[in-house]
Every structure is written in structure tokens, then in C-alpha cells.
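Peer 1:
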Amino acid sequence: REEVWLGGTFSPEAYVTATRQQVAQANTWSLEQLHLHVMIGRTERLDVVRLTGMELRGAESTGGNALRLSDEVKTACDCVEFSWKQ
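FYI, the numbering for the sequence shown is 1 to 86, going by full-length UniProt numbering.
1. I need the DSSP call for residue 42, collapsed to helix, strand or coil.
2. Can you find the residues in the same chain that come closer than 8 Å, C-beta to C-beta, to residue 61, ignoring five residues on each side of it along the sequence?
3. Per the DSSP calculation, residue 77 is bridged to which residue(s)?
4. Pull up the CB-CB distance for residue 20 and residue 6, whole angstroms please, since I reckon it's below 8 Å.
5. Skipping 5 residues on each side, what residues in its chain have a beta carbon closer than 6 Å to that of residue 85?
6. Hey, how far is the Cα of residue 56 from the Cα of residue 29?
7. Please confirm whether any heavy atom of the ligand FMN lies closer than 7 Å to the CB of residue 59.
Written out as C-alpha cells, the structure is:
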């Protein structure tokens with residue numbers, strides 16, 4: 001599965017918007033019906049976009065979708081996955 005370094009794209013906002021539009025078009029859903037779901041870590045799911053080089057600021061992942069405050073300014077994330085759900 002391909003991974004994307006979001007910071008290396010010309011326009012990160014446009015990339016995320018394009019993924020939303022692609023999911024909406026593929027499923028004939030309205031854009032307004034889609035909600036972003038984010039998961040820190042790597043799974044075997046095929047319906048996600050995998051991002052690398054992401055950082056959490058003032059927090060750290062405790063697994064899954066759980067976060068806790070951290071004394072560290074930033075914490076590197078190995079992989080962040082996101083998907084669009086209706």
C-alpha cells in the first residue's frame with residue numbers, strides 16, 4: 001500500500017480535498033455526508049490513505065485513537081491513516 005508524505009505535496013489541503021472528492025464520486029455520496037476518520041498507526045485496511053512524516057504537538061499516541069498530553073513539544077508518528085466515512 002502506498003504511503004504519502006503530506007508535507008512533500010505541493011498543496012496538502014488540495015490532496016486531502018481530492019481524496020474526499022474521490023470517495024464521494026466512487027460511492028455516489030454527497031461531499032457533505034462524509035466525515036474524516038483518523039487512526040494513528042498502521043493497519044491492514046485497504047480503504048485508507050496512509051501518511052508518513054506526521055507529528056503530534058503536545059501529545060502522544062497511546063494506541064488506536066487514544067492520545068494523552070505530553071511534556072514533549074512534538075512526538076513523531078510512524079504512520080497516520082485516514083478515511084472518509086458516510
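Glycine residues also receive a C-beta, built at the ideal position from the N, C-alpha and C atoms. Just so it is clear, the structure is predicted and the values come from calculations on it, not from any experiment.
Peer 2: With the structure as the only source:
1. Residue mapping note: residue 42 aligns to position 42 of the sequence shown, counting from 1. Coil, per DSSP.
2. Your numbering for residue 61 matches position 61 in the sequence shown. Cβ within range, chain order: 40, 41, 67, 75, 77.
3. The residue labelled residue 77 in the question sits at position 77 within the sequence shown. Looking at the DSSP output, residue 77 shares a beta bridge with 54.
4. Working through the sequence shown from its first residue, we reach residue 20 at position 20. Working through the sequence shown from its first residue, we reach residue 6 at position 6. Not confirmed; about 14 Å, so no contact.
5. On the sequence shown, position 85 is the one that residue 85 refers to. Answer for residue 85: 35, 37, listed in chain order.
6. Taking the first residue of the sequence shown as position 1, residue 56 is located at position 56. Taking the first residue of the sequence shown as position 1, residue 29 is located at position 29. If you take the alpha carbons of residue 56 and residue 29, they lie about 31 Å apart.
7. The ligand FMN is not part of the structure shown, which contains no ligands of any sort.
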